[in-house]
Each structure stands twice: as structure tokens, then as C-alpha cells.
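Below is one structure; the comments refer to it alone.
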Amino acid sequence: MRYAQTQPISVNVRKYFASVAMSCGITLDHGCGVGRHFFYLTELGIDTYGFDFSEKLIKHAREDAIQRYGPVYPADERLKVGNMFHLSELYPPHEFYTILSWAVLYECDFDGIVIALEGIERALKPGGYFFVMMRIGDPPHDSCIIRSEGGWSVTKEANGTIRTYFKSIAFSEQLKRFGFSIEKQYLRFAYGSKKQAFGQEFLFRKK
Ligand SMILES: C[S@@+](CC[C@H](N)C(=O)[O-])C[C@H]1O[C@@H](n2cnc3c(N)ncnc32)[C@H](O)[C@@H]1O
């Protein structure tokens, strides 16, 4: 299972949430998979919700939550099946203080990212934070590029997976269009064996 529970939580995620844990308010694990970050944050004492479009992964996460916190834990309310393109159907506006989106937002084409960002902007409180990990840099040499503009390229893999790769500045520019300021851009880490693209974490703040 990709991004299973055992994958370590990044040091930057740990530092960010340690610094805001006491004042964090409600947090959303956006595309939570089996709930790696959801459980980490819940166990830090942060009021956390999560969603993912995979019914299988949410079922797994709900069962895990019941195991950890007991049968009265409201797992169905905390962990929902849903699509990042329809975030407004899942949560009211201005609900979250932080939205964490780790290795999710690039799993669609450019237009999908714009729709997902609209949903994120709506769901965050004014002054709220958006912590995101994206693939930054050039797609692997052997990828099939189906769309490309100055700052980004969309690829389609043999199994049909669509991914968008941004240049770092172009990604920040998109966020600025939605009224976010950049608070932190963390050091990159190599992604996979081909090393053209990097995983990069960013912290943005909604005005
Ligand atoms: C690489 S995994 C990362 C999971 C989790 N964020 C983590 O770090 O452990 C990507 C996740 O994004 C979810 N996902 C992809 N597209 C989505 C969409 N349109 N709406 C909701 N979830 C989506 C997948 O089901 C998968 O669980």
C-alpha cells in the first residue's frame, strides 16, 4: 500500500505542527490515504479530520481509528470518502486553521489543481495555513508529456496516472493568485531514482 502507516513523517511537518500544536485549531489531512498524518496529528492533540477518494483506504483508516481510540470514536465523521475537486461538499467554508496536503495535489492535471486550490482556499479560515508537498522540477525523461506551459508539465504514465510537475516559482505564483503568501519553502529532497523532479514542501498562508 502506497504511503502506508510506516512511512516516516517529514521533519518539516513535525516542526510545523509542534510549533502550532497548542493554537492549531481544526486541521484537515487532505488526501489522507490510510491516515498516516491524520493519526500523527490526532495523537499530538490536534483536532483533525481527513478525507480521501479511495473507499478502501478510508475503510482501513476508520478501522485503525476504532482500534486505537475505541468503538465510540466517531470515525465516519472524522474520516470521509471524498474528492478534492468537490471539497465544498465535504466541509463548510472557513473551517480549518491548517490544511496539510502531502503527495496528493500533483496527482491530477493542471486544471484539477486549480479546482482543488479553490476548494482549499474556501475551506481555510482567514489567516489559515496550507502545508503542501508537491513534485517540483522536470518530469522524468521517459515520461509522456500531454500538456505543458511555461511553468508546468502534465504527464500520463503507462498505467494511466496523470501527474503535474511545476517549476517552484510557478507553483508559488499559482498560490499567490488565490491570495496566499509564501511563508516557507523547505529544502528539496530527491524523488525516486531518476532525480529530475523533487519533492518539495511549502508553507503558505491565506490572507
Ligand atoms: C501518495 S498518496 C499520499 C497519502 C497521504 N497524504 C500520505 O502522505 O500518507 C496520495 C493519496 O491521494 C489520494 N487522492 C488522489 N487524488 C485524489 C482526489 N482527487 N481526491 C481525494 N484524494 C485523492 C489517493 O487516493 C492517495 O491516498
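In the numbering used here, each residue carries its 1-based index in the sequence shown increased by 6. We put the beta carbon where it would ideally sit given N, CA and C, even for glycine.
Item: Arginine 42 beta carbon near ligand 1 (any heavy atom closer than 7 angstroms); Value: yes
Item: Which listed residue (Val19, Tyr97, Trp108, Asp115) has its alpha carbon closest to that of glutamate 127; Value: Tyr97
Item: Any non-hydrogen atom of ligand 1 within 7 angstroms of lysine 91 CB; Value: Note that residue 91 is phenylalanine in the sequence shown, not lysine. At least one heavy atom of ligand 1 is nearer than 7 angstroms to the Cβ of phenylalanine 91, so yes.
Item: Glutamate 124 beta carbon near ligand 1 (any heavy atom closer than 7 angstroms); Value: no
Item: beta-carbon glycine 166 near ligand 1 non-hydrogen atom, thresh 7 angstroms; Value: no
Item: C-beta contact flag for aspartate 53 and isoleucine 72 at 8 angstroms; Value: no
Item: Segment limits, beta strand (DSSP E) that includes arginine 183; Value: Unbroken run through arginine 183 is the alpha helix (DSSP H), 174 to 183; no beta strand (DSSP E).
Item: Residue from Phe45, Leu50, Thr170, Gln180 whose Cα sits closest to the Cα of arginine 84; Value: Phe45
Item: Coarse secondary structure for valine 138, derived from DSSP in three states; Value: strand
Item: Beta-carbon proximity check, glycine 157 vs glutamate 189, cutoff 8 angstroms; Value: no
Item: Nearest-angstrom Cβ-Cβ length linking aspartate 70 and valine 40, presumed shorter than 8 angstroms; Value: 7 angstroms
Item: Cβ-heavy atom distance, valine 160 to ligand 1, below 7 angstroms; Value: no
Item: The region 145 to 156 / the region 14 to 31 touching (three or more Cβ pairs under 8 angstroms); Value: no
Item: Start and end residues, alpha helix (DSSP H) containing glutamate 84; Value: For the sequence presented, residue 84 should be read as arginine rather than glutamate. Segment 81 to 84, the alpha helix (DSSP H) holding arginine 84.
Item: Contact under 8 angstroms by Cβ, phenylalanine 208 with valine 160; Value: no
Item: Range of the contiguous beta strand (DSSP E) that encloses serine 25; Value: Not the beta strand (DSSP E): serine 25 falls in the alpha helix (DSSP H), residues 17 to 26.
Item: Whole-number beta carbon distance between phenylalanine 186 and phenylalanine 136, since they are thought to touch under 8 angstroms; Value: 6 angstroms
Item: Reduced DSSP secondary structure (H/G/I, E/B, other) of histidine 36; Value: strand
Item: Heavy atom of ligand 1 within 7 angstroms of aspartate 117 beta-carbon; Value: no
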